[in-house]
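> There's a structure below that I have some questions on.
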Amino acid sequence: MSLRYRSHDATATHDRSVMLRIDAVLWALMFVTPLVASGALLVVVSGLSLAVRGAIFAAGLALSGLLGWIGGGRLVATLGTVLDLLFAIREGDYSMRGRVRPGRDPLQGLIGDVNLLTDDLRSGRRKRTETSRFLGKTLVALHSAVFVIDDRECLAFINPAARRLIGAERAAVIGRDMTSLGLGEPLRAADGAILNYRFASMSGRWAVRRAVWYSEGREHTMVMLHDLSAALSEEERRAWQRLIRVLSHELNNSLGPIGSLAGSLSTLLDADDIGAIQDELRLGLEVIGRRAHSLTRFLSGYGRLARLPPLQSRPFRLDIALRRLALLERRKAVDVTGRAAVTVNGDEDQLGQAFINLIRNAVEATLETEGGVRIDWRAEAGFVRVTIEDEGVGLPPSDGIFVPFFTTKPEGSGIGLSLTRLIVEAHAGTVDLAARSDRKGAVATVRLPMHPDSDGGVRFRTDRVTETGQPAQEATLSGCKPRNGTPAPLSGDTQAS
Numbered sequence: 068m069s070l071r072y073r074s075h076d077a078t079a080t081h082d083r084s085v086m087l088r089i090d091a092v093l094w095a096l097m098f099v100t101p102l103v104a105s106g107a108l109l110v111v112v113s114g115l116s117l118a119v120r121g122a123i124f125a126a127g128l129a130l131s132g133l134l135g136w137i138g139g140g141r142l143v144a145t146l147g148t149v150l151d152l153l154f155a156i157r158e159g160d161y162s163m164r165g166r167v168r169p170g171r172d173p174l175q176g177l178i179g180d181v182n183l184l185t186d187d188l189r190s191g192r193r194k195r196t197e198t199s200r201f202l203g204k205t206l207v208a209l210h211s212a213v214f215v216i217d218d219r220e221c222l223a224f225i226n227p228a229a230r231r232l233i234g235a236e237r238a239a240v241i242g243r244d245m246t247s248l249g250l251g252e253p254l255r256a257a258d259g260a261i262l263n264y265r266f267a268s269m270s271g272r273w274a275v276r277r278a279v280w281y282s283e284g285r286e287h288t289m290v291m292l293h294d295l296s297a298a299l300s301e302e303e304r305r306a307w308q309r310l311i312r313v314l315s316h317e318l319n320n321s322l323g324p325i326g327s328l329a330g331s332l333s334t335l336l337d338a339d340d341i342g343a344i345q346d347e348l349r350l351g352l353e354v355i356g357r358r359a360h361s362l363t364r365f366l367s368g369y370g371r372l373a374r375l376p377p378l379q380s381r382p383f384r385l386d387i388a389l390r391r392l393a394l395l396e397r398r399k400a401v402d403v404t405g406r407a408a409v410t411v412n413g414d415e416d417q418l419g420q421a422f423i424n425l426i427r428n429a430v431e432a433t434l435e436t437e438g439g440v441r442i443d444w445r446a447e448a449g450f451v452r453v454t455i456e457d458e459g460v461g462l463p464p465s466d467g468i469f470v471p472f473f474t475t476k477p478e479g480s481g482i483g484l485s486l487t488r489l490i491v492e493a494h495a496g497t498v499d500l501a502a503r504s505d506r507k508g509a510v511a512t513v514r515l516p517m518h519p520d521s522d523g524g525v526r527f528r529t530d531r532v533t534e535t536g537q538p539a540q541e542a543t544l545s546g547c548k549p550r551n552g553t554p555a556p557l558s559g560d561t562q563a564s
């Protein structure tokens with residue numbers, strides 16, 4: 068309802084109510100006054116004949132009737148107008164309006180209020196119609212298939228994309244049970260699901276979106292199926308193009324010098340004195356050997372990315388594993404500030420390799436700046452968040468740091484961060500690299516789902532760790548107690564259950 072209709076304040080409503088009461092009293096007085104006057108006259112004046120008395124009473128009664136007819140006629144006319152307007156509203160006809168006579172008659176104000184209500188309803192219907200047309204055109208223009216099903220699992224609406232998908236006309240499927248049409252599986256899929264399904268006209272991989280609303284008291288569900296096949300094919304094509312470019316670049320960088328050196332060495336072999344060119348031959352063969360080794364290392368790295376072994380998942384203490392990994396770095400002492408005892412379910416070896424790559428990158432970034440490296444972790448909302456901060460040279464100005472074989476190091480292979488991302492994402496986690504906001508350097512952030520039995524309340528008294536990665540001093544529990552009531556062992560070989 069519009070603001071105009073709601074704008075009548077309490078004072079105006081009260082004034083109108085008072086005026087209606089006053090009018091009611093006046094109408095009552097106007098109706099009974101002639102009768103009362105004639106009765107009083109008959110009582111006061113004596114000696115009148117019966118005929119005169121009857122005439123006086125009849126005159127008073129007639130006058131009361133006349134006044135009542137005049138006042139009642141106005142009331143009936145006004146109420147009749149209001150009833151006609153309300154009947155038109157009930158029938159959905161918002162074009163009818165009542166004529167409001169000027170003055171302070173509260174009944175005329177009632178007609179004005181009904182007119183305002185009619186205007187608001189007409190405006191609301193126009194807006195709903197415009198919105199419905201807009202949504203209808205949007206659904207028609209969508210490339211995604213849209214199905215609307217009611218609470219009986221019958222189709223209530225399909226857009227043209229859905230009609231083409233199922234290969235049937237709209238009139239042939241509307242009102243029919245979706246199971247009888249062979250659409251039960253895709254239309255019952257959960258929101259956000261990725262579905263492989265073959266329809267009458269095509270098959271593919273579909274992203275499912277669902278929305279529920281109520282119309283006329285009945286539940287309706289809209290199911291949208293978006294074809295992912297084209298997008299996946301395009302992304303696969305781009306991935307192949309990127310891979311071919313990288314392979315071509317690396318192969319040309321290695322085979323070009325090898326071919327050139329081979330031609331030069333072949334020319335040297337035509338010399339009469341072989342002994343005089345032995346040093347040049349040896350140097351050329353060493354260069355060829357180094358390039359061949361580099362190419363072999365490159366292809367080996369590609370093989371590691373392409374053949375990541377299956378996960379051997381089990382619960383393990385991530386905090387203990389991180390302390391052990393920090394001790395493996397001998398070039399620089401890594402500061403471990405994490406306190407929480409956190410358990411994750413995953414492949415400890417593969418996750419260890421991922422964190423080794425991140426720690427190694429952080430340390431190598433600080434060798435020139437002599438900055439520090441710090442590892443921290445904390446539990447948050449069912450995840451453990453591990454941060455590896457360095458005070459190194461910072462990140463390169465490129466968004467390709469996770470692209471396979473991308474590297475800014477002269478001797479880098481370009482697979483470390485790519486392999487790290489593959490491993491972390493295989494564990495339903497995320498990894499991110501960003502420049503530090505407080506100082507020069509970078510921070511790597513890894514989020515992994517925590518094991519249900521992980522106790523984020525455990526805190527260690529000290530940062531010092533032994534060669535096995537265990538806390539140097541006994542741990543204290545500030546969170547929940549173990550289920551059996553005894554302190555939980557924190558040895559490096561003990562796994563959380």
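For the record, in the sequence shown the residue sitting at position 219 is 286 according to my numbering, with numbers rising by one throughout.
Heads up, the beta-carbon is just placed ideally off N, CA and C, and yes, glycines get one too.
Could you tell me the alpha carbon to alpha carbon distance between GLU492 and ILE325, rounded to whole angstroms?
Within the sequence shown, the letter at position 425 stands for residue 492. Within the sequence shown, the letter at position 258 stands for residue 325. Roughly 39 angstroms between the two C-alpha positions.
> Are three or more beta carbon pairs between the region 201-216 and the region 281-300 nearer than 8 angstroms?
Yes, they touch.
> Out of HIS518, GLU415, THR487, point me to the one whose CA is closest to ALA21's CA.
Outside the modelled stretch of the chain, which goes from 68 to 564, sits residue 21, for which no answer is possible.
> If we ignore side chains and look at the alpha-carbon of each, how far apart do ARG164 and SER247 end up?
Numbered from 1 along the sequence shown, position 97 holds the residue referred to as residue 164. Numbered from 1 along the sequence shown, position 180 holds the residue referred to as residue 247. Looking at the two C-alpha atoms, the distance is approximately 51 angstroms.
> Excluding the 5 residues preceding and the 5 following SER331 in the sequence, name in chain order all residues of the same chain whose CB lies nearer than 8 angstroms to its CB.
Locating residue 331 in the sequence shown gives position 264, counting from the first residue. Correct list, in chain order: GLY351.
> To the nearest angstrom, report how far apart ILE455 and LEU489 are at their CA atoms.
Taking the sequence shown and counting its residues from 1, the one referred to as residue 455 is at position 388. Taking the sequence shown and counting its residues from 1, the one referred to as residue 489 is at position 422. The straight-line gap from Cα to Cα measures roughly 18 angstroms.
> For LEU295, which residues from the same chain have a beta carbon less than 6 angstroms from its beta carbon, with the 5 sequence-adjacent residues on both sides left out?
Sequence index remark: in the sequence shown, residue 295 carries index 228 (1-based). Correct list, in chain order: ARG272, ALA274.
> Near VAL207, what residues of its chain come up, given a Cβ to Cβ distance below 7 angstroms and the 5 sequence neighbours on each side ignored?
Taking the sequence shown and counting its residues from 1, the one referred to as residue 207 is at position 140. Contacts found: ASN226, PRO227.
> Between the C-alpha atoms of ALA267 and ARG237, what's the straight-line distance to the nearest angstrom?
For the purposes of this step, residue 267 is taken as the residue at position 200 of the sequence shown. For the purposes of this step, residue 237 is taken as the residue at position 170 of the sequence shown. Distance between the alpha carbons of ALA267 and ARG237 is about 15 angstroms.
> Using CA atoms only, rank isn't needed, just tell me which of ASP416, ASP180, ALA393 is closest to PHE383.
What you label residue 383 is simply residue 316 of the sequence shown in a count that begins at 1. PHE383 has its Cα closest to that of ASP416, out of ASP416, ASP180, ALA393.
> Would DSSP call LEU177 helix, strand or coil?
For the purposes of this step, residue 177 is identified with residue 110 of the sequence shown, where counting begins at 1. Reduced to three states, the DSSP call for LEU177 is helix.
> Quick one: what does DSSP say LEU378 is sitting in, helix, strand or coil?
As a working mapping, residue 378 is identified with position 311 in the sequence shown. Three-state result, LEU378: coil.
> Checking the sheet assignment: what are the DSSP bridge partners for ASP457?
Along the sequence shown, one-based indexing puts residue 457 at 390. DSSP output for ASP457 lists VAL440 as bridge partner(s).
> Three-state secondary structure (DSSP) at SER282?
Position 215 of the sequence shown, counted from the start, is the residue given in the question as residue 282. The answer is strand: DSSP assigns SER282 an E or B state.
> ASP386 lies in the alpha helix (DSSP H); which residues open and close that run?
Position 319 of the sequence shown holds residue 386. 385-395 is the extent of the alpha helix (DSSP H) around ASP386.
> Note down, in chain order, each residue of its chain lying with its Cβ closer than 8 angstroms to the Cβ of GLU435, except the 5 sequence neighbours on either side.
Residue mapping note: residue 435 aligns to position 368 of the sequence shown, counting from 1. So the list reads GLY459, VAL460, once near-sequence residues are dropped.
> Within 10 angstroms of the Cβ of TRP307, are there 16 or more other Cβ atoms? Answer buried if so, exposed if not.
Working through the sequence shown from its first residue, we reach residue 307 at position 240. So TRP307 ends up on the exposed side.
> DSSP on GLU492, reduced to helix/strand/coil?
Within the sequence shown, the letter at position 425 stands for residue 492. Three-state result, GLU492: helix.
> Are the CB atoms of ASP402 and ARG62 within a distance shorter than 8 angstroms?
One cannot answer for residue 62 here, as it falls past the ends of the chain, which runs 68 to 564.
> Measure from the alpha carbon of GLN379 to the alpha carbon of each residue in ALA122, ASP414, ILE311, then state which is nearest.
On the sequence shown, residue 379 is found 312 positions in, with the first residue counted as 1. Nearest option by C-alpha distance: ASP414.
> By how many angstroms is the C-alpha of ALA235 removed from the C-alpha of GLU609?
It is not possible to answer for residue 609, since the shown part of the chain is limited to 68 through 564.
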